[in-house]
Every structure is written in structure tokens, then in C-alpha cells.
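Student: Let me begin by handing over the structure; questions about it come next.
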Amino acid sequence: MSKNKSAAIFILILLIASLSAVAYISYFSSKKYDETKESKHIQNKEAMVHSTTHRALLSIRSIGGGGLPVINVSEYEGENDTVKIQAALNDVPEGGAIVFIPSGVWVAAGLQAKSHTFIVGAEGAIIRRPENVTEPFLTFANISDFAVLNLTFEGENIENAYGIEVIDSRNFTIQNNTFYNHTKSAIKVTLSLNGTSSNFTISNNLFLNCQNVPIFIFGIPSRRAIRNFCILNNTLINGTKNGKIGIAFSANGTIENNKIINCQYGIATRCVSNLTIRKNYVENITDYGIYLGTQVGDPGTDNVKIIENEIRRSRIGICRYYGSYPLVNIQVINNLFVNSSQYDILADFPGTFINNTITDASKLKIENLATLFIGTRTVSGQIILPGDINYDLKINIIDVALVAISFGSSKGNPNWNEAADIIQDGEINIKDISYLAKNFGITS
Ligand code: CA
1103 MSKNKSAAIF ILILLIASLS AVAYISYFSS KKYDETKESK HIQNKEAMVH
1153 STTHRALLSI RSIGGGGLPV INVSEYEGEN DTVKIQAALN DVPEGGAIVF
1203 IPSGVWVAAG LQAKSHTFIV GAEGAIIRRP ENVTEPFLTF ANISDFAVLN
1253 LTFEGENIEN AYGIEVIDSR NFTIQNNTFY NHTKSAIKVT LSLNGTSSNF
1303 TISNNLFLNC QNVPIFIFGI PSRRAIRNFC ILNNTLINGT KNGKIGIAFS
1353 ANGTIENNKI INCQYGIATR CVSNLTIRKN YVENITDYGI YLGTQVGDPG
1403 TDNVKIIENE IRRSRIGICR YYGSYPLVNI QVINNLFVNS SQYDILADFP
1453 GTFINNTITD ASKLKIENLA TLFIGTRTVS GQIILPGDIN YDLKINIIDV
1503 ALVAISFGSS KGNPNWNEAA DIIQDGEINI KDISYLAKNF GITS
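Sequential numbering from 1103 applies to the sequence shown in the numbering used here.
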């Protein structure tokens, strides 16, 4: 062994040792790696040491992969890149490994990984979809403890091809990746009929020109078997054909600090429980910034907190959009909805709206009786209090009287009063009285 090589291996051992020392979360604390195997894996790793970026190493460390042996894909032979990368993935021992993908373009898809596999790209590592191949780039099925970090996935706009598919799997991280030109979900987390998926983070990824739900969490109706997840700090740009973050039939999730720009939708939910949608920035959306759908076969949605989001220039800032199943305990607090072309808030679902800011009163439409609005303001600071017909910032007997005067009228009738049509359906009827009864006594 040459002197240079010995020195390089020594540096690598130091690096691995230091990563190991500072790892503060370890999925693998109970599984000590067999050191005799490790010596085989760390041979000829000079290239890896030189090209691995600081960011990549930080990522591995932060999610518990510090100290694992490194398997370098460039050392594997095969007729094409798919065969080479798959051979490396197959070599991951039971105790786990980092599978390192060096810089450059790797034309590969249809890859499958085992439990305890950390796939890490060097700066500039690109996985490009081969022509006429529609399998996902990577599939993780019924496994646990894995990650995909620092890779760029070029989808080549091939139809009906998913990017990364995760089925029935636990404890994983997909972080710091870039997805270009995907026609189907770049990341899809899903289930088999009786499966579960849980405990995962999708963070700091960039989705550019990705369509049909770039981040798609999709369980099974009437079950909440996708649980405990965090979708954080991702950026979606130019998803003009159903581009959005979509969460369905799932529970206990946080969607926070994502940016969704120039897409068809922002954040979409369907039959979810215990979801927090917080501090996301959604801009230039051709349809709905946030929507809350439901579906036949599922009891509906419960416990959703929508807090401190900024929704700019959508068609409708927030609404139900579809389905008629219950939406229970929906709180919409401290959000900014501005410059929607149609409505900032279309309250077609029962929700509690507290301290939200909208463009102006014409951008608020209430269709559901069971809504509560407190502290709604325009961007200029003017208070909007639905049900306050005479604009004295109180909902009281005077408002009831004003609705009573116009009772029974519809748009165009002589005693029609636009302001008295609180539930905006073009008729002043029992719905408007009922809304007042429910909100009687509110002051802004
Ligand atoms: Ca009043």
C-alpha cells in the first residue's frame, strides 16, 4: 500500500470517527457494524473523500448515518448505470451503509434499496431517467431507516413516471435533493392495502417543472396509516399541471415553511387528521392556495391548523373545493390571503377564522353557516366582521332587524340588501338569520 493511500485511508477513518462522535440521533445505536467488513468497504475511497461536500456530510450526520461504512457506486461494474448503482445498493450490509454517488450524470431508474441505506450524492451528482423507462428512480418498499440526500433527479418529462416511491416504510428522510421535469409525483409515499408508513421527513428539496403532485402523501380511505411526518422547507416552482403538496388519508403531519410558486395549487388535503399547515409561502397559483377536500369512503377531515401562511395571487386563497364529508375543528389563524383573483377566503366549509388578513371585503365569501370570523382585516387594516350589517363592529339586535327587513328578498328585489346576504347565496333567508344567531354578541 502506497504512502499516499495510507494517508488517505487514515483521513477517511478520522472523518468517519468524527462523524460518529457528533451524531446526536442514531437509528443504529443498537446495531454495531462488523469492523472486518468495514475494512473492505473503505478501500479506495480517496475520490469519495475529496468530492463529498461538507453539506452532504452534515446531512448524513444530522439524520443518524454518521459512522456507517461507505459504499462508492463508482467501484461497481455493470452494463449500465442502473446495474452499477443497484449492485452497490445490493451490497449494503444488514447494519447499514452510506451508498455514495459521485459527481456526474448517472442514467438509471428502477432502483430498489434495503433497510438502513443512506443514498448520498456528491455535489453535482445527477440521476437521469433513461429513455422509455417509467419505473420510479428509487423504490423503498416495506423497509425502515433510510435516506436520500443531495441528489438531482432529472425526470426528462417522461410520461407516467414517478420519482421516488415509498411504500409501507418507516423512519426515513428525503432531503436536499433537486427534482427536474417530472410528470408524476416526484416523491410519493403510499401504502399497500394493510400497510403503514410512518416517521419521515421530506425537507429542503427543490422541485422545478414537476407536475401532478410533486410531493404526494397518499394513504387509504378510512385509515390513517400514514402517520408522523414533516414536510419542511421545500420549494416547488412551475408545477402548472396539478403542481402542489398533496396530503390524503394521513395523520399527524406538519407542512411548514415550504414555498410553492407558479403552480396550479398550493397545499391540498383530503381526509386528514391532526395536520398543521404553518408558515408556508404560496404565490401565483392558478386555482386554490389551500384546499380541504373529502372523499366517499372516508369520514372526513378533523383537527387541521392552518397558521401564519402567506397566500398571494391565487384564484381562491382557501376553500373546501370538493367532497361533502365533515370537516371538523378547522382553525385558520393569522394567515395573509391577498390579491386572489376570485376570493381570498371562500368559506364553503365550517372553520374558525381568527386574525386573518385579506385584500378587501369583496374577497371574502361565506357559504357555510358554521363559520366563525374574528379579527379579520383588510391589508389596509379595516376590520371585516361578517354579520355586522350596519358596520358598527358589533353583531347585535340591530343586525338581526336589518336582515329581518330584507327577509325573503333575493337579488334584484326592491328590499334587497347586499350586506344582509351574509351567507352569500343571493337570497336573504333563514341561513342569514341563523348565522347571526350563532355569532350574536361578537364584537371585533
Ligand atoms: Ca352591527
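Think of the CB as a built atom: it goes at the ideal place given N, C-alpha and C, for glycine as much as any other residue.
Go ahead and label alanine 1125 buried or exposed: buried means 16 or more other beta carbons lie within 10 angstroms of its beta carbon, across all protein chains shown.
Tutor: Here alanine 1125 scores only 39 on pLDDT, less than 50, and its place in the model is too uncertain to base an answer on.
Student: Since valine 1291 contacts isoleucine 1328 with CB under 8 Å, what's their CB separation in whole angstroms?
Tutor: Sure, about 6 Å apart at Cβ, within 8 Å.
Student: Please report the residue range of the beta strand (DSSP E) in which valine 1406 lies.
Tutor: From DSSP, the beta strand (DSSP E) with valine 1406 extends over 1403-1409.
Student: Which residues neighbour ligand 1 when neighbourhood means a C-beta less than 5 Å away from any of its non-hydrogen atoms? List them by chain order.
Tutor: This selection yields Asp1490, Asn1492, Asp1494, Lys1496 and Asp1501.
Student: Measure the C-alpha to C-alpha separation of leucine 1251 and alanine 1472 and round it to an integer number of angstroms.
Tutor: If I take the Cα positions, the gap works out to 45 Å.
Student: Helix, strand or coil: how does DSSP classify serine 1176 here?
Tutor: Note: serine 1176 maps to helix in three-state DSSP.
Student: CB glycine 1419 to CB leucine 1448, shorter than 9 Å?
Tutor: Yes, they are a contact pair.
Student: Spell out the partners DSSP gives serine 1443 in its beta bridges.
Tutor: Its beta-bridge partners do not exist; DSSP assigns none.
Student: Taking 9 Å as the threshold (C-beta atoms), are serine 1271 and alanine 1243 in contact?
Tutor: It is a contact, given that the beta carbons lie within the stated cut-off.
Student: Around the C-beta of lysine 1186, are 16 or more other C-beta atoms found within 10 angstroms, so that it is buried, or is it exposed?
Tutor: By the neighbour-count rule (16 or more Cβ atoms within 10 Å), lysine 1186 is buried.
Student: Are the Cβ atoms of leucine 1253 and alanine 1227 separated by less than 9 Å?
Tutor: Contact: yes.
Student: At the level of alpha carbons, what is the spacing between arginine 1372 and leucine 1240?
Tutor: Roughly 26 Å separates the two Cα atoms.
Student: At the level of alpha carbons, what is the spacing between serine 1464 and leucine 1213?
Tutor: Distance between the alpha carbons of serine 1464 and leucine 1213 is about 52 Å.
Student: Using DSSP bridges, identify the partner residues of alanine 1449.
Tutor: For alanine 1449, which the question treats as bridged, DSSP gives the partners Ile1468.
Student: Using a Cβ-Cβ cutoff of less than 6 Å, which residues in the same chain neighbour lysine 1407 once the five nearest sequence positions on both sides are dropped?
Tutor: Same-chain partners within the cutoff: Thr1378 and Gln1433.
Student: Between Ser1352, Phe1255 and Tyr1537, which lies nearest to leucine 1308 when the distance is taken from Cα to Cα?
Tutor: When only C-alpha atoms are compared, the closest one is Phe1255.
Student: Under three-state DSSP, which class holds glutamine 1214?
Tutor: Strand.
Student: Once you ignore the five residues that flank threonine 1454 on each side, which residues in its own chain have a CB closer than 6 Å to its CB?
Tutor: Only Gln1433 and Leu1474 meet the Cβ criterion.
Student: With 16 other CB atoms within 10 Å as the buried threshold, where does proline 1488 fall?
Tutor: Buried, by the Cβ-count rule.
Student: Let me make sure I understand the geometry here. Which of Ser1426, Arg1325, Ser1482 and Ile1544 has the alpha-carbon closest to that of valine 1440?
Tutor: Considering only alpha carbons, the answer is Ser1482.
Student: With C-beta atoms as the reference, is alanine 1353 less than 9 Å away from arginine 1380?
Tutor: No, they are not a contact pair.
Student: Does any CB atom of chain D fall closer than 9 Å to the CB of proline 1316?
Tutor: Checking the listed chains, one finds no chain D in this structure; it contains a single protein chain.
Student: If I measure Cβ to Cβ from valine 1207 and keep anything under 6 Å in the same chain, skipping five residues before and after, which residues do I get?
Tutor: Counting only Cβ-Cβ distances below 6 Å, and skipping sequence neighbours, we find Ile1228 and Arg1230.
Student: Per DSSP, which one or two residues make a beta bridge with valine 1268?
Tutor: Answer by DSSP bridge pairing, in chain order: Phe1242 and Val1291.
Student: Could you say which of Leu1438, Gly1399, Arg1417 and Ile1409 lies nearest to glycine 1425 if we only look at CA atoms?
Tutor: Residue Gly1399 is the option with its Cα nearest to glycine 1425.
Student: Where do the ends of the alpha helix (DSSP H) carrying glutamine 1188 lie?
Tutor: 1183-1192 is the span of the alpha helix (DSSP H), which, as asked, contains glutamine 1188.
Student: Taking only three categories from DSSP, how would you classify glutamate 1520?
Tutor: Residue state, collapsed to three classes: helix.
Student: How would you write the range of the alpha helix (DSSP H) that valine 1505 sits in, first residue to last?
Tutor: Its alpha helix (DSSP H) spans residues 1499-1507.
Student: Opposite arginine 1329 in the DSSP bridges: which residues?
Tutor: For arginine 1329, which the question treats as bridged, DSSP gives the partners Ser1300 and Ala1353.
Student: Going by C-alpha to C-alpha distance, which of Phe1302, Phe1331 and Ile1339 sits closest to proline 1316?
Tutor: With distances taken between Cα atoms, proline 1316 lies closest to Ile1339.
Student: Can you tell me which of Ile1476, Gly1321 and Thr1285 puts its alpha carbon nearest to the alpha carbon of leucine 1310?
Tutor: Checked all of Ile1476, Gly1321 and Thr1285; the closest Cα to leucine 1310 is Thr1285.
Student: Using a Cβ-based criterion (distance less than 8 Å to any ligand heavy atom), does valine 1250 qualify as near ligand 2?
Tutor: Although ligand 2 was asked about, the structure shown includes only ligand 1 as ligands.
Student: Rounded to the nearest angstrom, what separates alanine 1249 and cysteine 1332 at their Cα positions?
Tutor: Computed Cα separation, rounded: 14 Å.
Student: If you draw a straight line from the alpha carbon of glycine 1355 to that of asparagine 1301, how long is it in whole angstroms?
Tutor: For glycine 1355 and asparagine 1301, the distance between alpha carbons rounds to 9 Å.
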